[in-house]
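Report on the structure given below.
2 protein chains.
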Amino acid sequence: MDRRVAPRTVTKKARTQPAQSESPDKPPRARLLVDERRAQLLALGLSLFAERSYDEVSIDELARAAGVSKGLLYHYFPTKRDLYTAALRHAAQQLLDETQPPPELLPEDRARRGIETYLSFAERHGPAYVALMRGGLGADREIANILEETRSTIAQRILDALPISATPIVRAAVRGWIGFVEATALDWLAHKQVDRGRLVTLLTGLLVDVVGRAAITI
Amino acid sequence: MDRRVAPRTVTKKARTQPAQSESPDKPPRARLLVDERRAQLLALGLSLFAERSYDEVSIDELARAAGVSKGLLYHYFPTKRDLYTAALRHAAQQLLDETQPPPELLPEDRARRGIETYLSFAERHGPAYVALMRGGLGADREIANILEETRSTIAQRILDALPISATPIVRAAVRGWIGFVEATALDWLAHKQVDRGRLVTLLTGLLVDVVGRAAITI
DNA sequence: GCGTCTATTGACCAGGATTCAATAGCCAAC
DNA sequence: GTTGGCTATTGAATCCTGGTCAATAGACGC
Chain U
18 MDRRVAPRTV TKKARTQPAQ SESPDKPPRA RLLVDERRAQ LLALGLSLFA
68 ERSYDEVSID ELARAAGVSK GLLYHYFPTK RDLYTAALRH AAQQLLDETQ
118 PPPELLPEDR ARRGIETYLS FAERHGPAYV ALMRGGLGAD REIANILEET
168 RSTIAQRILD ALPISATPIV RAAVRGWIGF VEATALDWLA HKQVDRGRLV
218 TLLTGLLVDV VGRAAITI
Chain Y
18 MDRRVAPRTV TKKARTQPAQ SESPDKPPRA RLLVDERRAQ LLALGLSLFA
68 ERSYDEVSID ELARAAGVSK GLLYHYFPTK RDLYTAALRH AAQQLLDETQ
118 PPPELLPEDR ARRGIETYLS FAERHGPAYV ALMRGGLGAD REIANILEET
168 RSTIAQRILD ALPISATPIV RAAVRGWIGF VEATALDWLA HKQVDRGRLV
218 TLLTGLLVDV VGRAAITI
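Residue numbers (our numbering), protein chains in the order written: chain U, 18 to 235; chain Y, 18 to 235.
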């Protein structure tokens, strides 16, 4: 996570390098491709917002860390919150991608594998995962939507793999189970008291219980 | 939810009412008892923060809605966030109080009753409950702590009522179950697709499943 | 009525989000 | 290799909102 952009586009020619010692080390304007810069800012935002809360991270800090002017941030993201939500969306998508289990596996294995990769993601990204899930920002619409969609996508994957029809109660149960997974993942990250394998086993088995009980609940 | 304080302390004497038409309707300073004022501001804060996110509600708006100067808010709450957390804490405590089931009931009935009152609370307070749970504010420490303590208290209640010892995995499972309840409650509020009684039955039965499965998970 | 206590005010300040006209890399055409 | 144009980038100015503080004005006891 290098917080300073390597002025690679400059190295080609290294022209207009006045070598004036006006300021100790003032890197010349680094002009990147739009996509590169956007990706850089996104990644930086993600890493900063993962460690500290939304308004503990100022635009100025963000800009300084990126080695870029404040104005440029606004060129890429119309508002601070947009940067935040974009970063969140990015992380959420990454989570969805990684936890998509190979379709050739048997249903039970798919479930287990999905849970395993989910926990891996949580463990690997630590604070970012917490930020993603606790996502809050005080019930902000946009944020809530991102989380909502993410959960919804996961729920749909599960429902699709189920041999029974997705009645409202089954659907609710699956949503609940996702809440269960999030809660235990968070708890697990915080305390690391239970063995990872046991947790996976518990979660997998529980999915069966949950769906089963939902199906027979009158 | 009247957003203007009735100047009740003034009605006693109604003195120094100059009746000058200097401004259409400028209510005289209403001097309340500290506790009253504090309670009023807390309630107002809760209602506003329940509807819109933390920084969509400005101090100015809060003050205007309370019919009070900005400075007074800061007399009662050292910071905007303090007001927010105080309101949140208040709501959380209320939730805990209401969901405490009568101790004379049998364990199963206690569980059922607790869940019922929990859902009632969620239903009755609607947006406030959502704000409480989604509470985030970007993983702000203080906020997270309030939610953490609330969940922890509920978990402890359950663990105390359990006939088995609270091993780490059982503890984790109970935490997970609480996450399950929150997720389904939120979903239920949003869609109201499943019958309340069925949901209670599902949640109650699941608590048993969860604890049982946790206890036997190797 | 008068003095005291303190709840309340409103003008002020500071810091951080946002805007925008001006600047400067890079590329292509000559 | 110079010139012109496109646009990524800047930084100074603005605006908004959270937070401060000395001054004001209800209530109450005397």
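Backbone N, C-alpha and C define an ideal beta-carbon position, used for all residues, glycine too. Small disclaimer: the values here were computed from a predicted structure and weren't measured.
| Query | Result |
| --- | --- |
| Local conformation of Glu166(U) per DSSP, three classes | helix |
| The region 177-184 of chain U in contact with the region 184-196 of chain Y per 3-pair CB rule at 8 angstroms | no |
| Beta carbon of Phe138(Y) nearer than 8 angstroms to that of Thr167(Y) | no |
| Arg54(Y) beta carbon less than 8 angstroms from that of Tyr93(Y) | yes |
| Alpha helix (DSSP H) segment containing Ala148(Y), residue limits | 144-151 |
| Beta-carbon spacing of Gly62(Y), Ala104(Y) below 8 angstroms | yes |
| Cβ contact (3+ pairs, closer than 8 angstroms) linking the region 45-60 of chain Y and the region 213-229 of chain U | no |
| For Asp52(U), three-class secondary structure by DSSP | helix |
| Nearest-angstrom Cα separation, counted from Thr201(Y) out to Leu59(Y) | 28 angstroms |
| Residue nearest to Leu149(U) in terms of C-alpha spacing, selected from Thr170(U), Glu121(U), Ala172(U), Gln110(U) | Gln110(U) |
| Element boundaries [alpha helix (DSSP H), containing Gln254(Y)] | The requested residue 254(Y) does not occur in the structure, where chain Y is confined to residues 18 to 235. |
| Given Ala178(U) as reference, the closest of Asp126(U), Asp212(U), Asn162(U) once Cα atoms are compared | Asp126(U) |
| Whole-angstrom distance between Ala172(Y) and Thr102(Y), CA atom to CA atom | 22 angstroms |
| Within 7 angstroms of chain Y by C-beta, residues of the region 52-72 of chain U in sequence order | Ser70, Tyr71 |
| Same chain, Cβ closer than 8 angstroms to Ile6(U), five either side skipped, listed in chain order | Nothing can be reported for residue 6(U), as the shown portion of chain U is limited to 18 through 235. |
| Exposed unless 16 or more other CB atoms sit within 10 angstroms - verdict on Ile233(U) | exposed |
| Cβ-Cβ distance between Val217(Y) and Leu136(Y) below 8 angstroms | yes |
| Chain Y within 8 angstroms of Asp77(U), Cβ atoms only | no |
| Chain Y residues whose Cβ lies nearer than 7 angstroms to that of Gly193(U) | Phe197, Ala200, Thr201 |
| Of the listed residues Ala145(Y), Ile76(Y), Pro120(Y), nearest to Asp99(Y) (C-alpha basis) | Ile76(Y) |
| Range covered by the alpha helix (DSSP H) that runs through Tyr91(U) | 87-93 |
| Boundaries (first-last residue) of the alpha helix (DSSP H) holding Val217(Y) | 213-233 |
| CA-to-CA distance, Val187(Y) to His142(U), given in whole angstroms | 26 angstroms |
| Span separating the alpha-carbon of Lys97(U) from that of His208(U) | 33 angstroms |
| Reduced DSSP category for Gln210(U) - H, G, I as helix; E, B as strand; rest coil | coil |
| 8 angstroms Cβ cutoff, Asp204(Y) in contact with chain U | yes |
| Member of Leu113(U), Ile175(U), Pro120(U) whose CA lies at the smallest distance from the CA of Tyr146(U) | Leu113(U) |
| Neighbourhood of Gly134(U) by C-beta distance below 8 angstroms, restricted to the same chain and skipping five residues each side | What sits at residue 134(U) in the sequence shown is Thr, not Gly. Hits under 8 angstroms: Glu115, Thr116, Pro118. |
| Residues of its chain near Ala189(Y), where Cβ-Cβ distance is below 8 angstroms and the 5 sequence neighbours each way are ignored | Ala231 |
| Sub-8 angstroms separation of Glu140(Y) and Leu206(Y) beta-carbons | yes |
| Contact list for Ile186(Y) against chain U, beta-carbon separation under 9 angstroms | Gln210, Val211, Asp212, Arg215, Leu216, Leu219 |
| Interface partners of Val239(U) on chain Y, CB under 7 angstroms | Nothing can be reported for residue 239(U): it is not among the residues displayed for chain U, which extend from 18 to 235. |
| Residues near Phe66(U) in its chain [Cβ-Cβ closer than 7 angstroms; skip 5 each side] | Val74, Tyr101, Ala104, Ala148 |
| Coil, strand or helix - Glu39(U) by DSSP | Residue confidence is low: Glu39(U) scores 40 on pLDDT, short of 50, so the model does not pin down where it sits. Its coordinate-derived value is still stated next. In this structure, Glu39(U) counts as coil in the three-state DSSP scheme. |
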